Structure formats: structure tokens, C-alpha cells
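Asker:
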Amino acid sequence: MSGQAQLLPGTLDLLILKAVSLGPLHGYGVLLRIGQISERALLIEQGALYPALFRLVRQGLLKASWGTSENNRRAKFYELTALGRKRLREEADGWNRLATAMASALAAQPEEI
Amino acid sequence: MKLLAYLRSLAARFFHRSQIEDDLEEELRAHIEHRTDDLKRSGLDRAEAERRAHIEFGGHERFKEESREALGGNFIETLIKDVRFSLRVLRKSRGFTIVAVLTLALAIGANAVVFSVLNALILRPLNVPRAESLYTIEHGSDKSLVLSYPDYLDLRDRNRSFEGLAAYNNIHVGLDTGDGPSRSRRDTPPELPPPHSVFGPLEPDPESVPPACAATPPRSSPDGTATAPLALSPAAIRQTGAANPELPH
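Chains C and W supply the protein sequences, listed in that same order. Everything in the first sequence is counted per the working numbering, starting at 29 for the first residue and increasing by one. Everything in the second sequence is counted per the working numbering, starting at 86 for the first residue and increasing by one.
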């Protein structure tokens with residue numbers, strides 16, 4: 029498990045929105061997609077995904093419908109709503125600003141001060 | 086609009102609860118099955134793949150609980166469950182329900198009656214005879230209890246509605262019972278009520294008045310003017326610390 033980072037609180041929602049924005053996914057698919065786009069660098073407890081998914085549905089950011097998966101199993105598929113798309117944009121901007129600020133702060137050299 | 090949506094989702098939850106519960110169960114199962122499929126594809130046998138999938142998923146019941154919470158507040162869920170369960174039990178045993186409701190109704194009714202009687206008679210009796218016919222007079226316009234003395238005299242002299250009228254004014258006085266003076270409020274009748282009565286229509290029932298509360302009798306001065314009588318309230322007596330202060334004359 030070395031090289032994997034624990035998620036910061038609040039980042040799971042953003043990752044789910046991002047994963048689902050690339051195409052409708054069922055729960056397990058969301059997990060795989062996050063693993064794929066984060067190059068397996070993030071550690072996510074599988075079960076923790078579902079409370080987060082339901083929360084996002086309740087906030088109107090995702091909508092869910094039952095369908096059939098590629099394994100020919102019944103599964104619930106999630107996709108982004110217009111509100112979800114907007115939220116993803118806002119949160120991604122916020123996150124990028126924070127990450128840039130943190131990176132430049134941590135990269136500061138003595139001679140720059 | 087938001088409230089409407091909330092109520093609708095609440096109603097939906099109420100009427101389709103088992104549906105939601107089934108959906109949740111099926112969705113979590115689907116996840117584990119998909120994971121099992123993947124693990125099998127990587128070379129594990131079915132039993133081992135299932136076992137691993139369950140372990141990787143983590144606390145099934147915990148996440149189910151959290152999911153229910155995320156779906157719409159577990160408090161409401163529990164409350165609805167409890168209420169429905171109680172109603173079901175009560176409907177099933179009607180005899181018990183009727184007896185219980187009657188018992189409660191009688192007990193509450195009896196308690197309310199007893200309390201209101203006790204409250205009126207013992208806990209908060211007005212210490213005057215026929216307290217029910219005692220009224221306060223106030224200005225109609227500003228609800229003020231303050232009247233000028235001539236107004237009071239007019240009211241008193243033209244009074245045909247009441248047995249008697251009494252007014253008082255209150256001033257701050259020094260009260261000294263021997264341990265040095267203390268500030269005290271003094272309510273004085275502006276004039277002497279009818280003879281032998283300190284308080285006029287407010288004359289308390291002598292039997293129920295603590296002896297220490299007795300008042301000095303009204304006295305007439307030789308020139309015909311009267312001095313106001315003085316009475317100490319039980320609170321004033323407690324405050325001054327005198328068990329049975331000698332009333333000044």
C-alpha cells in the first residue's frame with residue numbers, strides 16, 4: 029500500500045463528481061474510474077463510496093437509474109446533473125487554487141524571502 | 086419550492102421505505118458481485134474471490150447505516166419505525182389500548198382537577214375574603230394603575246359598583262428594627278379606611294394572618310387628623326431579621 033495517499037476530508041465527493049463526469053457509472057465503476065484517473069495513488073475504502081453517492085444524489089448533483097452492467101448484472105448507474113456539472117467546476121477551481129498555493133508555499137527557497 | 090421537494094421526498098420515503106431498503110441492499114450486493122467477478126478474472130476461485138470482495142468492501146452494516154443517513158436522516162427513519170410499530174401493536178390488542186387510553190384520560194383529568202383546586206385553595210389563595218370579587222382599577226386608555234388623589238376621591242365617592250375602594254401609594258422609607266435602618270418600600274393608604282379596618286376592603290382574614298404581620302391600629306390625633314396605620318409584611322419581617330418586631334407607635 030506504500031505510495032497510496034489517504035483522502036483528505038471532502039475530496040471523495042469531488043473525485044466522484046469528476047469520475048461520473050466522464051460518463052455514467054455504477055458504484056463499483058466509480059471506484060475503478062477513480063483508481064484509473066488517480067493512477068491508483070489514492071486509498072478509498074470501498075463501502076465509503078455509497079454514503080457519499082447518496083449524499084450527492086440527495087443534493088441534486090447526481091441522478092441515478094437502474095441499468096445493466098457490462099458484466100450483465102443489474103446495477104444502479106449514476107450521472108451528473110447540470111447542477112453537478114456546475115459544482116464540479118467550482119470545486120475543481122477551488123481545489124486547484126489551494127493546491128497551487130500549497131505547492132508554491134512548500135517550494136519556497138530561503139533566497140526568495 | 087425547496088420545502089415542497091423536501092416534503093415530497095419525505096412522503097416518498099415514508100411510503101416506499103421498503104423499496105429504498107431493497108434498493109440499497111441490492112446496490113451494495115451488486116458492488117460486491119462486480120468485485121468478485123474482477124477477482125475471479127484475476128485467477129482466484131469463486132469462494133476466495135467472494136471472501137476477498139467482502140473484506141475489501143469494509144463494514145457492510147456500518148456503510149448501510151451511513152447510507153441510510155445520507156438518504157434522508159436516520160432520525161426520521163427510526164421515529165417512523167417506532168410509531169408504526171406502536172400503532173401496529175396497539176391495533177392488535179384493542180382491549181389493552183382502550184383500557185390504557187381510558188386510564189390515562191381519567192388520571193390526567195383527575196390530576197388536572199385536583200391541581201387546579203389545590204392551586205386556587207392552598208397554593209395561591211388571595212388572603213382576603215371573597216377574593217373572586219376583588220378587582221384592580223386601571224385607566225382604560227393607558228392601562229395605568231396610577232391615579233391622582235382627587236381622581237381617587239371622585240371614584241370612591243361615586244362608586245356604586247363596589248363595596249369599597251382602597252388606594253395606596255408607595256414610597257421608600259427607612260425601616261429600623263434596632264439593627265440599623267434599611268431601605269424598604271412602604272405602601273400607605275392615603276387616608277384612613279373606615280374605622281377598625283386597616284386595609285379597607287382588602288382586610289385579610291385575621292385567622293390566616295401571621296401574628297407578626299399585625300398592624301398598628303389607626304389613631305386619631307387630637308386635632309382630628311389621623312395617622313396612617315403601619316403593618317409589616319412577612320417578607321419585611323424576614324428581611325429585617327426580627328422574629329416579632331415591636332411595631333412602632
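For every residue, glycine included, the Cβ atom is placed at its ideal position computed from N, Cα and C. These figures come from a predicted structure and were not determined experimentally.
1. May I ask you to list, following chain order, the residues of the segment 112 to 132 of chain W that have a beta carbon less than 9 Å from some beta carbon of chain C?
2. Using a C-beta to C-beta distance shorter than 8 Å, which residues of chain C count as neighbours of W/Gly143?
3. Could you tell me if C/Val48 is buried or exposed, where buried requires 16 or more neighbouring beta carbons within 10 angstroms of its beta carbon?
4. Which value, in whole angstroms, describes the spacing of the CA atoms of W/Leu277 and W/Leu240?
5. Would the beta-carbon of C/Pro79 fall within 7 Å of that of W/Glu151?
6. Taking only runs of the alpha helix (DSSP H) that begin and end inside the segment 171 to 222 of chain W, which ones reach a length of at least 4 residues, in chain order?
7. Chain C beta carbons: is any one of them nearer than 7 Å to that of W/Leu92?
8. Excluding sequence positions up to five away, which residues of its chain have a Cβ less than 7 Å from the Cβ of C/Leu53?
9. Tell me which same chain residues have a C-beta within less than 7 Å of the C-beta of C/Leu111, skipping the five on either side of it?
10. Run the CB neighbour count on C/Arg68, radius 10 Å, all protein chains shown included, and call it buried at 16 or more, exposed below.
11. So, using beta-carbon positions, are W/Phe142 and C/Gly75 closer together than 7 Å?
12. Which two residues bound the contiguous alpha helix (DSSP H) that contains W/Glu133?
13. Between W/Ala132 and W/Arg120, which are expected to be in contact by the criterion C-beta below 8 Å, what is the C-beta distance as a whole number of angstroms?
14. Quick one: does W/Ser201 have its CB under 7 Å from some CB of chain C?
15. W/Leu219 to W/Ala195, Cα distance in whole Å?
16. Exposed or buried, which one is C/Gln137 when buried takes at least 16 other CB atoms within 10 Å?
17. To the nearest angstrom, how far is it from the Cα of C/Ile65 to the Cα of C/Leu50?
18. Could you tell me whether the Cβ of W/Leu191 comes closer than 7 Å to any Cβ of chain C?
19. In angstroms with no decimal places, state the Cα-to-Cα distance between W/Ala252 and W/Pro235.
20. For C/Glu82, return the contacting residues in chain W, with the cut-off set at a CB-CB distance below 7 Å.
21. Give me the Cα-Cα distance between W/Thr182 and W/Gln104, rounded to the nearest whole angstrom.
22. Can you tell which of C/Gly63, C/Leu71, C/Leu45, C/Arg86 has the C-alpha that lies nearest to the C-alpha of W/Tyr91?
23. What residue range does the beta strand (DSSP E) around C/Gly51 cover?
24. Beta-carbon separation of C/Arg101 and W/Glu118 under 7 Å?
Answerer: Let's see:
1. Glu112, Leu113, Ala115, His116, Ile117, Glu118, His119, Arg120, Asp122, Asp123
2. Glu73, Gln74, Gly75, Ala76
3. Under this definition C/Val48 is a buried residue.
4. The pLDDT assigned to W/Leu277 is 47, lower than 50, so where the model puts this residue is not dependable; a value taken from the coordinates is nonetheless given after this. Going from the Cα of W/Leu277 to the Cα of W/Leu240 covers about 16 Å.
5. In this structure, W/Glu151 lies closer than 7 Å to C/Pro79 by Cβ.
6. Taking 4 residues as the minimum length, the alpha helix (DSSP H) runs contained wholly in the segment 171 to 222 of chain W are 179 to 203, in order along the chain.
7. no
8. Ala47, Arg61, Phe105, Tyr106
9. Gly88, Leu89
10. So C/Arg68 ends up on the exposed side.
11. yes
12. 131 to 142
13. Taking 8 Å as the upper bound for CB-CB distance, W/Ala132 and W/Arg120 are not in contact here, some 14 Å apart.
14. Look at W/Ser201: its C-beta is not under 7 Å from any C-beta on chain C.
15. 29 Å
16. exposed
17. C/Ile65 and C/Leu50 have their C-alpha atoms roughly 10 Å apart.
18. no
19. 11 Å
20. According to the sequence shown, residue 82 of chain C is Phe rather than Glu. Here the neighbours are Ser152, Ala155, Leu156.
21. 31 Å
22. C/Arg86
23. It is not in any beta strand (DSSP E) - C/Gly51 carries neither H nor E in the DSSP assignment.
24. yes
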